[in-house]
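Notes follow once the structure below has been shown.
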Amino acid sequence: DAGVTQSPTHLIKTRGQQVTLRCSPKSGHDTVSWYQQALGQGPQFIFQYYEEEERQRGNFPDRFSGHQFPNYSSELNVNALLLGDSALYLCASSLVAGPNSPLHFGNGTRLTVT
Amino acid sequence: AQKVTQAQTEISVVEKEDVTLDCVYETRDTTYYLFWYKQPPSGELVFLIRRNSFDEQNEISGRYSWNFQKSTSSFNFTITASQVVDSAVYFCALSEAIGPSSASKIIFGSGTRLSIRP
Chain A
31 DAGVTQSPTH
41 LIKTRGQQVT
51 LRCSPKSGHD
61 TVSWYQQALG
71 QGPQFIFQYY
81 EEEERQRGNF
91 PDRFSGHQFP
101 NYSSELNVNA
111 LLLGDSALYL
121 CASSLVAGPN
131 SPLHFGNGTR
141 LTVT
Chain B
71 AQKVTQAQTE
81 ISVVEKEDVT
91 LDCVYETRDT
101 TYYLFWYKQP
111 PSGELVFLIR
121 RNSFDEQNEI
131 SGRYSWNFQK
141 STSSFNFTIT
151 ASQVVDSAVY
161 FCALSEAIGP
171 SSASKIIFGS
181 GTRLSIRP
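Chains as they are written, first to last, in our numbering: chain A, 31 to 144; chain B, 71 to 188.
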């Protein structure tokens with residue numbers, strides 16, 4: 031049973047560029063959330079997708095956008111990259127949209143912006 | 071405002087010692103959920119436990135135990151007879167129901183880095 035898979039594992043981009051990160055949820059899961067984890071910090075919620083709609087959003091600018099596909103996989107897009115966007119981006123999936131559903135996390139994508 | 075505080079940034083103990091990781095949370099909601107996650111060096115966050123706000127029973131799972139006290143807004147995590155494999159960063163987290171869609175976001179603390187020395 032495959033868990034949450036993310037690609038790529040590492041990425042280096044230049045300031046001002048755009049990046050797309052991808053996530054496949056754990057088999058049977060229908061909800062995907064994205065988190066940003068800066069070095070030495072806890073993950074911060076970016077947004078959550080359920081039924082192909084953004085259900086909730088954290089305090090991130092519009093440069094961060096996402097999408098969920100009919101097969102429940104998801105993409106995170108970041109435009110006009112800033113040095114401060116360098117972080118580990120974690121994707122998490124769960125079975126239903128709800129506060130008591132434990133998240134299953136992927137290994138993350140390490141994004142470095144130079 | 072919702073907030074999770076893990077005051078201990080780093081803890082180092084010798085193998086077989088017991089260790090407690092502290093977690094204090096803030097929320098105005100009456101219904102909420104508390105979690106603990108483990109993050110080994112590989113980076114993946116591993117779910118350990120979920121507790122809802124109406125269940126204050128302590129829980130034990132093998133060498134792990136959790137103490138939930140609403141009166142002090144704390145949800146502490148104890149590892150008994152620690153092992154080197156327990157070395158990781160541990161995160162306490164809080165989630166609430168937001169809006170009619172019941173979508174939620176999880177708020178993580180800043181984590182406690184636990185090192186178990188052989």
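C-beta atoms are modelled at their ideal positions from N, C-alpha and C, and glycine is treated no differently. All values reported here derive from a predicted model rather than from experimental measurement.
Next item on the list: State yes or no: is the beta carbon of Q71 (chain A) nearer than 8 Å to at least one beta carbon in chain B?
Entry: It does; some Cβ of chain B falls within 8 Å.
When the Cα atoms are used, what is the spatial distance from N146 (chain B) to D92 (chain B)? 5 Å
Worksheet item: By a C-beta neighbour count over all protein chains shown, 10 Å radius and 16 as the cutoff for buried, is F124 (chain B) buried or exposed?
Response: exposed
Determine the DSSP secondary structure at K140 (chain B), reduced to helix, strand or coil. K140 (chain B) carries a helical assignment under DSSP once its states are collapsed to helix, strand and coil.
So which residues of chain A does I176 (chain B) contact, with C-beta pairs closer than 7 Å? Here the neighbours are F75, L133.
- Message: Taking the straight line between their C-alpha atoms, what separation do you get for F138 (chain B) and F75 (chain A)?
- Response: Just so you know, the alpha carbons of F138 (chain B) and F75 (chain A) end up roughly 24 Å apart.
Contact defined as beta carbons within less than 8 Å: I believe S157 (chain B) pairs with L184 (chain B). What is the distance between those atoms, to the nearest angstrom? At roughly 6 Å, the Cβ-Cβ gap stays under 8 Å, so S157 (chain B) and L184 (chain B) are in contact.
- Taking the alpha carbon of C162 (chain B) as the point to measure from, which residue in B:E85, B:R121, B:T100, B:K86 has its own alpha carbon closest? B:R121
Q | The beta strand (DSSP E) enclosing V126 (chain A), as first and last residue numbers | A | Per DSSP, V126 (chain A) belongs to no beta strand (DSSP E) and is neither H nor E.
- Message: Let me make sure I understand the geometry here. Which of A:W64, A:L41, A:Q47 has the alpha-carbon closest to that of G136 (chain A)?
- Response: Comparing Cα positions, the closest option is A:W64.
In whole angstroms, what is the alpha-carbon distance linking V83 (chain B) and G70 (chain A)? 20 Å
Going along the chain, which residues of its own chain have a beta-carbon closer than 6 Å to the beta-carbon of E82 (chain A), five neighbours each way excluded? Q98
- Please report how far the alpha carbon of T148 (chain B) lies from the alpha carbon of E87 (chain B), in whole angstroms. In a straight line, the C-alpha of T148 (chain B) is about 11 Å away from that of E87 (chain B).
Using a C-beta to C-beta distance shorter than 8 Å, which residues of chain A count as neighbours of S82 (chain B)? Per Cβ cutoff of 8 Å: no residues; S82 (chain B) is ~17 Å from chain A at best.
### Query
Does L91 (chain B) come within less than 8 Å of chain A when only Cβ atoms are used?
no
Original post:
Does any residue of chain B bring its CB to less than 8 Å from the CB of L51 (chain A)?
Top reply: Answer no: the Cβ-Cβ gap between L51 (chain A) and chain B never drops below 8 Å.
Look at E96 (chain B) and S143 (chain B) and say whether their C-beta atoms are less than 8 Å apart. Taking a C-beta distance under 8 Å as the contact criterion, E96 (chain B) and S143 (chain B) qualify as a contact pair.
- What distance in whole Å lies between the Cβ atoms of Y102 (chain A) and H134 (chain A), which are believed to be in contact at a cut-off of 8 Å? Not confirmed; about 13 Å, so no contact.
Practice item. Anything in chain A within Cβ reach of E115 (chain B), meaning under 8 Å, just list it in chain order. Key: According to the sequence provided, residue 115 (chain B) is Leu. The question's Glu does not apply to it. Within 8 Å Cβ-Cβ: P73, L120, A122, L133, F135.
Expressed to the nearest angstrom, what Euclidean distance is found between the alpha-carbon atoms of R85 (chain A) and G181 (chain B)?
As the crow flies, the alpha-carbon of R85 (chain A) is around 26 Å from that of G181 (chain B).
**Study point:** Selected residue, minimal CA-CA separation from F121 (chain A), among A:I42, A:L51, A:L41, A:Q47
**Key:** Checking the displayed sequence, the identity of residue 121 (chain A) turns out to be Cys instead of Phe. For the residues A:I42, A:L51, A:L41, A:Q47, the minimum Cα distance to C121 (chain A) belongs to A:L51.
Helix, strand or coil: which one does DSSP assign to G230 (chain A)?
-> Summary: the structure shown does not reach residue 230 (chain A), with chain A confined to residues 31 through 144, and so no result is reported for it.
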